[in-house]
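Following: one structure in structure tokens, then a few remarks.
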Amino acid sequence: MDVATSLALDSLQVIALLLMGIGIFLKRDNAHIFRAVGWTCLGIFWGCQAPLYFTSNDYVNALGVALALPVFIYLGYHEYLSYKWREEYAPLRFVTIAMFAASLGYFVFDRVPAMGGALILLVAFQSVWLVNLTGTSFGVQGLDYAGNPWYYRLNLDPAAEVSAPLTGVNIKIVLACTAIQALFILGAFVFASRAKGCTKWTAFGVIAPIVYVVNLFRNFIVIWLVHVNGPEYFEFAHNVIGKGLSLGALVGLTLFAFWLIPELYEDINGLFVLPWRRKPGHDYLEGLRKPVETPK
């Protein structure tokens, strides 16, 4: 991807986040219009990333960003319905706040190589240390900006990612290997929920370290498998075993988060029942409430 296209897409994402931010803080009915347009712009931005992941043989992420386009447009449509019906549907506000916070945080780390690079180096050294406990002697070469200046990443192509190449094994640690995206998503969804402040901090304080450690273990497995089986094993180790481990951990930690924060489950459930939201005042908690026993 050329620099001009990358900057155009970045501008689209900035516009999307700006509109979503205005929609969150604006206390008027037309706030929903800002959110609706913001969701649509963000969907277009992520949809345009799909070809990049496909050409990199990262089919899981390619499918995810491709689905973002219709899903985000659908969320924007329901924001329009909220404007039309003059109501605030709590799960929509919840997911807008969460997406705004997570996207803004990740954008800074992904687009400012100096910030993302510091985290990449930290995770690279920790991952190598874990693998070296098995008797290997791998190292970290340093930080490769891939032609980008330290203050801004000009090219969105995966081949132009900031990375930390390892010595002794043909692997590079990139920002996606640091779990920063998962941590931002976790924090955004937890703190955007309707739970009490102490509950939010407790949940994040328990789950975030688990996410970080699981990610280091995933890096360990990928590096070790490539070391044992050769560079041609990387695609399978990374895209099948590594992502499979991440998916399993995600499911388990999501269920744990629901147990810690019931309000989080309620809001996410409110998003899944959006197809049944056909008129104002839709009760997204219907079916979640315990039936009241009437005295005989």
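Under the working numbering, residues 31 to 326 are what the sequence shown spells out, in order. Positions of the beta carbon are idealized from the N, C-alpha and C atoms, including for glycine. Predicted, not measured: the structure shown is a model, and the values here were computed from it.
Quick one: measure Cβ to Cβ for residue i and residue j, integer angstroms, because I've assumed they're closer than 8 Å.
{"i": "VAL192", "j": "LEU173", "result": "7 Å"}
{"i": "ALA66", "j": "GLY106", "result": "4 Å"}
{"i": "PHE102", "j": "GLY73", "result": "3 Å"}
{"i": "ALA287", "j": "ALA225", "result": "With a Cβ gap of about 10 Å, ALA287 and ALA225 do not count as contacting."}
{"i": "VAL153", "j": "ILE203", "result": "6 Å"}
{"i": "GLY68", "j": "LEU97", "result": "Their Cβ separation, rounded to whole angstroms, is 18 Å, which puts GLY68 and LEU97 out of contact at 8 Å."}
Can you give me the Cβ contacts of residue i inside the same chain, cut-off strictly under 6 Å, excluding the 5 residues immediately before and after it?
{"i": "PHE219", "result": "ALA128"}
{"i": "TRP180", "result": "PRO143, ALA144"}
{"i": "LEU56", "result": "none"}
{"i": "ILE215", "result": "ALA132"}
{"i": "GLY147", "result": "LEU173, VAL192"}
{"i": "PHE264", "result": "VAL256"}
{"i": "THR164", "result": "none"}
{"i": "ILE63", "result": "TYR113"}
{"i": "PHE221", "result": "LYS230"}
{"i": "TYR329", "result": "Because residue 329 is not part of the residues shown, which for the chain are 31 to 326, the question remains open."}
{"i": "TYR295", "result": "PHE288"}
{"i": "ALA209", "result": "VAL241, TYR242, ASN245"}
Short of 8 Å in beta carbon distance, which residues of its chain neighbour residue i, apart from the five on each side in sequence? Order them along the chain.
{"i": "VAL322", "result": "With a pLDDT of 46 at VAL322, under the threshold of 50, the modelled position of this residue cannot be trusted, and the question is left open."}
{"i": "LEU213", "result": "ALA238, VAL241, TYR242"}
{"i": "ILE251", "result": "ALA267, ILE271, GLY272, LEU275"}
{"i": "VAL303", "result": "HIS312, TYR314"}
{"i": "ASP59", "result": "TYR113, ARG116"}
For residue i, list the residues DSSP reports as bridge partners.
{"i": "GLY169", "result": "THR197"}
{"i": "ASP174", "result": "SER193"}
Near residue i, which residues of its chain fall below 7 Å by C-beta distance, leaving aside the five closest residues on each side in sequence?
{"i": "SER36", "result": "LEU184, ASN185, LEU186"}
{"i": "ALA190", "result": "ALA176, GLY177, ASN178"}
{"i": "TRP182", "result": "Sequence check: residue 182 is Tyr here, not Trp. Closer than 7 Å at Cβ, skipping near neighbours: ARG141, VAL142."}
{"i": "LEU39", "result": "PHE75, CYS78, LEU186"}
{"i": "VAL161", "result": "PHE168, PHE250, ILE253, TRP254"}
Starting from the N-terminal side, write out each stretch of the alpha helix (DSSP H) that is 4 residues or longer and does not extend beyond the stretch 182-242.
You should have 210-222.
Query raised in the report: Enumerated in chain order, which unbroken segments of the alpha helix (DSSP H) with a length of 4 residues or greater are wholly contained in the stretch 263-306?
Result: 273-290, 292-302
### Those runs of the alpha helix (DSSP H) which lie wholly inside the stretch 107-167 and span at least 4 residues
Counting whole runs of 4 or more residues, the stretch 107-167 contains the alpha helix (DSSP H) stretches 120-141, 143-162.
4 or more residues per run - each alpha helix (DSSP H) lying fully within the stretch 33-109:
33-55, 61-77, 80-85
Closer than 8 Å is the cut-off here; do at least three beta carbon pairs connect the stretch 245-259 with the stretch 153-160? Result yes; three or more Cβ-Cβ pairs closer than 8 Å.
- prompt: Would the stretch 113-123 and the stretch 294-313 be scored as touching if the rule is three or more Cβ pairs under 8 Å?
  reply: yes
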